[in-house]
Amino acid sequence: MDLAIQNFTKSKKVAIVGASRSGNKFGNSAAKELQERGYEVFYVHPEVAEIDGKTSYPNLEAVKDQVESVWVSVPAERGEAVLREAAAAGLTKVWLQQGGSSPELVQLGKELGLELVAGKCILMYAEPVRSFHKFHQVIWKVVG
(Lines of atoms letter the chains of each structure in order from A; the text may use other names.)
(Lines give C-alpha, C1' and ligand atoms only; values in the text may rest on other atoms or scores of the structure.)
Protein backbone atom coordinates (compact mmCIF):
# COMPACT_ATOMS: atom_id res chain seq x y z
CA MET A 20 0.00 0.00 0.00
CA ASP A 21 1.21 3.49 -0.86
CA LEU A 22 2.84 5.38 2.06
CA ALA A 23 0.50 8.38 1.62
CA ILE A 24 -2.50 6.04 1.93
CA GLN A 25 -1.04 4.41 5.04
CA ASN A 26 -0.34 7.76 6.67
CA PHE A 27 -3.77 9.10 5.82
CA THR A 28 -5.67 6.08 7.13
CA LYS A 29 -3.69 6.20 10.40
CA SER A 30 -4.93 9.74 11.03
CA LYS A 31 -8.25 9.30 12.80
CA LYS A 32 -9.41 12.94 12.92
CA VAL A 33 -10.51 13.94 9.44
CA ALA A 34 -11.92 17.15 7.97
CA ILE A 35 -14.66 16.33 5.45
CA VAL A 36 -14.92 18.72 2.51
CA GLY A 37 -17.77 17.92 0.14
CA ALA A 38 -20.66 16.80 2.32
CA SER A 39 -23.93 18.57 1.60
CA ARG A 40 -26.49 20.20 3.82
CA SER A 41 -29.16 17.91 2.35
CA GLY A 42 -27.27 14.80 3.38
CA ASN A 43 -27.67 13.28 -0.08
CA LYS A 44 -24.09 13.44 -1.39
CA PHE A 45 -21.42 10.76 -1.39
CA GLY A 46 -19.49 12.94 1.05
CA ASN A 47 -22.20 12.44 3.67
CA SER A 48 -22.32 8.68 3.12
CA ALA A 49 -18.54 8.35 3.24
CA ALA A 50 -18.34 10.46 6.41
CA LYS A 51 -20.88 8.21 8.13
CA GLU A 52 -18.99 5.13 7.00
CA LEU A 53 -15.70 6.58 8.26
CA GLN A 54 -17.32 7.26 11.64
CA GLU A 55 -18.45 3.64 11.79
CA ARG A 56 -14.84 2.65 11.16
CA GLY A 57 -13.57 4.67 14.11
CA TYR A 58 -12.74 8.00 12.51
CA GLU A 59 -13.77 11.29 14.07
CA VAL A 60 -15.09 13.54 11.30
CA PHE A 61 -15.29 17.32 11.19
CA TYR A 62 -17.46 18.78 8.44
CA VAL A 63 -16.25 21.82 6.51
CA HIS A 64 -18.87 23.76 4.56
CA PRO A 65 -18.85 27.53 4.07
CA GLU A 66 -22.63 27.95 4.07
CA VAL A 67 -24.03 25.85 6.91
CA ALA A 68 -23.38 25.51 10.65
CA GLU A 69 -24.43 21.86 10.91
CA ILE A 70 -24.40 18.74 8.72
CA ASP A 71 -25.90 15.42 9.76
CA GLY A 72 -26.31 16.71 13.31
CA LYS A 73 -22.66 17.70 13.70
CA THR A 74 -21.05 21.13 13.75
CA SER A 75 -19.82 22.29 10.36
CA TYR A 76 -16.87 24.65 10.16
CA PRO A 77 -16.69 27.45 7.58
CA ASN A 78 -13.18 26.58 6.35
CA LEU A 79 -10.13 24.44 7.06
CA GLU A 80 -8.45 27.21 9.04
CA ALA A 81 -11.29 27.03 11.58
CA VAL A 82 -10.81 23.30 12.16
CA LYS A 83 -7.05 22.87 11.63
CA ASP A 84 -6.24 22.33 15.32
CA GLN A 85 -8.78 19.50 15.61
CA VAL A 86 -7.90 17.41 12.56
CA GLU A 87 -4.94 15.48 11.18
CA SER A 88 -6.06 15.13 7.58
CA VAL A 89 -8.49 16.38 4.93
CA TRP A 90 -10.76 14.17 2.81
CA VAL A 91 -12.15 15.93 -0.25
CA SER A 92 -15.16 14.95 -2.35
CA VAL A 93 -15.77 17.90 -4.64
CA PRO A 94 -15.54 18.23 -8.42
CA ALA A 95 -11.99 18.62 -9.72
CA GLU A 96 -12.67 22.23 -10.75
CA ARG A 97 -13.11 23.11 -7.05
CA GLY A 98 -10.10 21.10 -5.95
CA GLU A 99 -7.46 23.78 -6.46
CA ALA A 100 -9.05 26.08 -3.89
CA VAL A 101 -9.31 23.23 -1.36
CA LEU A 102 -5.68 22.19 -1.84
CA ARG A 103 -4.49 25.76 -1.39
CA GLU A 104 -6.68 26.18 1.69
CA ALA A 105 -5.33 22.94 3.21
CA ALA A 106 -1.73 24.01 2.60
CA ALA A 107 -2.37 27.48 4.06
CA ALA A 108 -3.86 25.84 7.19
CA GLY A 109 -0.82 23.57 7.53
CA LEU A 110 -2.81 20.41 6.79
CA THR A 111 -0.61 18.24 4.60
CA LYS A 112 -2.42 14.87 4.48
CA VAL A 113 -5.07 15.28 1.79
CA TRP A 114 -7.19 12.69 -0.01
CA LEU A 115 -8.91 13.68 -3.27
CA GLN A 116 -11.72 11.19 -3.67
CA GLN A 117 -12.08 9.27 -6.89
CA GLY A 118 -13.72 11.51 -9.49
CA GLY A 119 -12.40 14.74 -7.97
CA SER A 120 -8.82 14.55 -9.13
CA SER A 121 -6.83 15.60 -12.16
CA PRO A 122 -3.17 15.56 -13.22
CA GLU A 123 -3.07 19.32 -12.58
CA LEU A 124 -4.29 18.86 -9.01
CA VAL A 125 -1.74 16.13 -8.36
CA GLN A 126 1.00 18.46 -9.62
CA LEU A 127 -0.32 21.32 -7.49
CA GLY A 128 -0.36 19.04 -4.45
CA LYS A 129 3.33 18.27 -5.01
CA GLU A 130 4.15 21.95 -5.44
CA LEU A 131 2.33 22.77 -2.19
CA GLY A 132 4.18 20.02 -0.32
CA LEU A 133 1.07 17.98 0.37
CA GLU A 134 1.07 14.26 1.06
CA LEU A 135 -1.66 13.66 -1.50
CA VAL A 136 -3.75 10.61 -2.30
CA ALA A 137 -5.67 11.16 -5.53
CA GLY A 138 -8.27 9.27 -7.53
CA LYS A 139 -8.86 6.44 -5.07
CA CYS A 140 -11.87 5.58 -2.93
CA ILE A 141 -11.20 6.02 0.79
CA LEU A 142 -13.63 3.22 1.62
CA MET A 143 -11.34 0.69 -0.06
CA TYR A 144 -8.53 1.55 2.38
CA ALA A 145 -10.00 2.76 5.68
CA GLU A 146 -10.05 -0.31 7.91
CA PRO A 147 -12.02 -2.38 8.41
CA VAL A 148 -12.79 -2.63 4.70
CA ARG A 149 -16.17 -4.30 4.19
CA SER A 150 -18.88 -5.26 1.75
CA PHE A 151 -18.19 -4.76 -1.95
CA HIS A 152 -15.18 -2.56 -1.14
CA LYS A 153 -13.44 -5.65 0.24
CA PHE A 154 -14.14 -7.44 -3.03
CA HIS A 155 -12.83 -4.47 -5.04
CA GLN A 156 -9.71 -4.39 -2.87
CA VAL A 157 -8.95 -8.02 -3.72
CA ILE A 158 -9.52 -7.38 -7.43
CA TRP A 159 -7.20 -4.33 -7.41
CA LYS A 160 -4.47 -6.36 -5.70
CA VAL A 161 -4.71 -8.96 -8.46
CA VAL A 162 -5.01 -6.70 -11.51
CA GLY A 163 -3.30 -3.55 -10.22
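Numbering (this note's numbering) for the sequence shown: 20 to 163. C-beta: ideal position from N, C-alpha, C; glycine also. Source: prediction; values computed, not measured.
Your pair VAL33 and SER88 checks out as a contact, with CB atoms roughly 5 Å apart and the cut at 8 Å. Of all C-beta pairs linking the region 25–32 to the region 69–89, three or more are shorter than 8 Å, placing the two stretches in contact.
Note on geometry: alpha-carbon atoms of GLU130 and ALA107 lie some 13 Å from one another.
C-alpha of THR111 to C-alpha of GLU55: approximately 24 Å in a straight line. Here GLY98 is buried. Its C-beta has 16 or more other C-beta atoms within 10 Å. Rounded to the nearest angstrom, the gap between the Cα atoms of LYS51 and GLU59 is 10 Å.
Per DSSP, ALA137 is one residue of the beta strand (DSSP E) stretching across 134–139. DSSP places ALA106 inside the alpha helix (DSSP H), whose first and last residues are 95–107.
A residue is called buried when at least 16 other Cβ atoms come within 10 angstroms of its Cβ; ASN43 does not meet this threshold and is exposed.
Between PRO65 and PRO77, the C-beta spacing is below 8 Å.
If the five residues before and after LYS31 are omitted, its C-beta is found closer than 8 Å to the C-beta atoms of GLY57, TYR58, GLU59 and GLU87, all from its own chain and listed in chain order. Around the beta-carbon of SER92, 16 or more other beta-carbon atoms lie within 10 Å, marking it buried.
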